[in-house]
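Asker: The structure that follows is given in the form of structure tokens.
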Amino acid sequence: MRIKTIFLLALILMSLLGGMLAISGQIVRWHDSSPLNVYPITSTLSNDAIVPAPSFVFFYVEGHFEIGFNMLRIDGNGEAKYLVHVPIKNPRSIEQRLASFTLSEQELSDLGHALRDSNFANMPDGYSTGVVDGMYAGMHVLSQGKRKVVTCDDYFPPEFVALQGYLSQHILAPQQAVIDRAEPVSQQEIEQIFSPVP
């Protein structure tokens, strides 16, 4: 029960922090003394092409090597899979669990709007400070046969933080009861679900 309470409080605090940073225009950077590398845009995906359809796939990953990387996959038919890492007994003992749920057509449409409004297609491909133990997050969109990947390694620009807040508040929070009941999952199944789409 204590772990569940801590997790919920952390989720709420992360959502609030994301919203505050997006409003204030500040950028989250865990190690201010590290040099920042910004990787140029290589994708040809345009914002107008980010429209949920049968071939649409969205991936999101965030975490740290010590606590594991939570991963979300949303397909164009609304099917969603969320991999969470749950501490058991002590923080060094973590179990991977999978939750499955379905988004409505409206939720899918709203996700497309959020990605377009954030100018996702025109974000740099990545940000990195080169810190090996930093926090990491990434988003991957496949739409109309084109893909766009944005990775953030210890540096998170406001528009990316705003998208994180959107996912937390509008995609994951409504499914919290389902996520709390996530079942243990094998590494093989994880690789099948979350491997990049060809």
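For any residue, its number in the numbering used here is found by taking its place in the sequence shown, counting from 1, and adding 6.
Where a beta carbon is used, it is the ideal one built from N, C-alpha and C, also for glycine.
Note that the coordinates shown come from a computational prediction; the quantities given were computed from them, not determined experimentally.
1. Is there contact here, the stretch 53-70 with the stretch 136-144, by at least three beta-carbon pairs under 8 Å?
2. Please report the Cβ distance between Ile-56 and Leu-104, rounded to the nearest whole angstrom; I am assuming they are in contact, meaning their Cβ atoms lie under 8 Å.
3. Would you identify the three-state DSSP class for Ser-149, choosing helix, strand or coil?
4. For a test of the three-state rule: what should DSSP assign to Val-167, helix, strand or coil?
5. Based on DSSP bridge pairs, tell me the residues matched to Lys-87.
6. Alpha carbon to alpha carbon, how far is Arg-79 from Leu-136? Give it in angstroms, no decimals.
7. Glu-72 lies in the beta strand (DSSP E); which residues open and close that run?
8. Which first and last residues belong to the alpha helix (DSSP H) in which Gly-118 is found?
9. Any idea if Ser-201 is buried or exposed, counting beta-carbon neighbours within 10 angstroms, 16 or more meaning buried?
10. Assuming Val-44 is part of the alpha helix (DSSP H), what are its boundary residues?
11. Candidates Met-77, Lys-95, Ile-94: which alpha carbon is nearest Lys-87's?
12. Counting only the same chain and skipping the five closest in sequence on each side, list residues whose C-beta sits under 7 Å from that of Tyr-45.
13. Are Leu-51 and Gly-84 close, meaning C-beta to C-beta below 7 Å?
14. For Asp-81, count neighbouring Cβ atoms within 10 angstroms of its own Cβ and tell me buried if that reaches 16, exposed if not.
15. Does the separation of the CB atoms of Ser-134 and Asn-53 fall below 7 Å?
16. Output the distance between the C-alpha atoms of Ala-59 and Gln-150, rounded to the nearest integer angstrom.
17. Assuming contact is defined by CB atoms lying nearer than 7 Å, are Val-92 and Glu-101 in contact in what I supplied?
18. Please list, in chain order, all residues of the same chain as Ile-196 whose beta carbon is under 7 Å from its beta carbon, the five residues on each side excluded.
19. If you drop the 5 nearest sequence neighbours on each side, which residues of the same chain put their C-beta closer than 8 Å to that of Asn-6?
20. Using only alpha-carbon positions, find the residue among Phe-162, Arg-153, Val-184, Gln-193 that is nearest to Phe-2.
Answerer: Once the coordinates are examined:
1. Contact between the stretch 53-70 and the stretch 136-144 is established, with three or more Cβ pairs separated by less than 8 Å.
2. With a beta-carbon spacing of about 26 Å, Ile-56 and Leu-104 fall beyond the 8 Å limit used to define contacts.
3. Three-state result, Ser-149: strand.
4. When DSSP states are grouped into helix, strand and coil, Val-167 belongs to the helix group.
5. DSSP, once it has assigned bridges, lists Arg-79, Ser-106 as partnering Lys-87.
6. As written in the sequence, residue 136 is Gly, which differs from the Leu given in the question. Rounded to the nearest angstrom, the two C-alpha atoms are 27 Å apart.
7. For Glu-72, no beta strand (DSSP E) segment is defined, and its DSSP state is neither H nor E.
8. DSSP places Gly-118 inside the alpha helix (DSSP H), whose first and last residues are 111-123.
9. Ser-201 comes out exposed.
10. No alpha helix (DSSP H) contains Val-44, which is instead part of the beta strand (DSSP E) from 43-45.
11. Selection Met-77, Lys-95, Ile-94 evaluated against Lys-87 yields Met-77 as nearest (Cα-Cα).
12. Pro-130, Asp-131, Gly-132, listed in sequence order.
13. The Cβ atoms of Leu-51 and Gly-84 do not sit closer than 7 Å to each other.
14. It counts as buried.
15. Not a contact, by the Cβ cut-off of 7 Å.
16. Taking the straight line joining both Cα atoms gives about 8 Å.
17. In this structure, Val-92 sits near Glu-101, with a CB-CB distance shorter than 7 Å.
18. Around Ile-196, the same chain offers Leu-89, Gln-102 as residues with beta carbons nearer than 7 Å, after the five sequence neighbours per side are excluded.
19. What is shown of the chain runs 7 to 204, which leaves residue 6 out entirely.
20. What the structure shows of the chain is the stretch from 7 to 204, and residue 2 is not part of that stretch, so it cannot be assessed.
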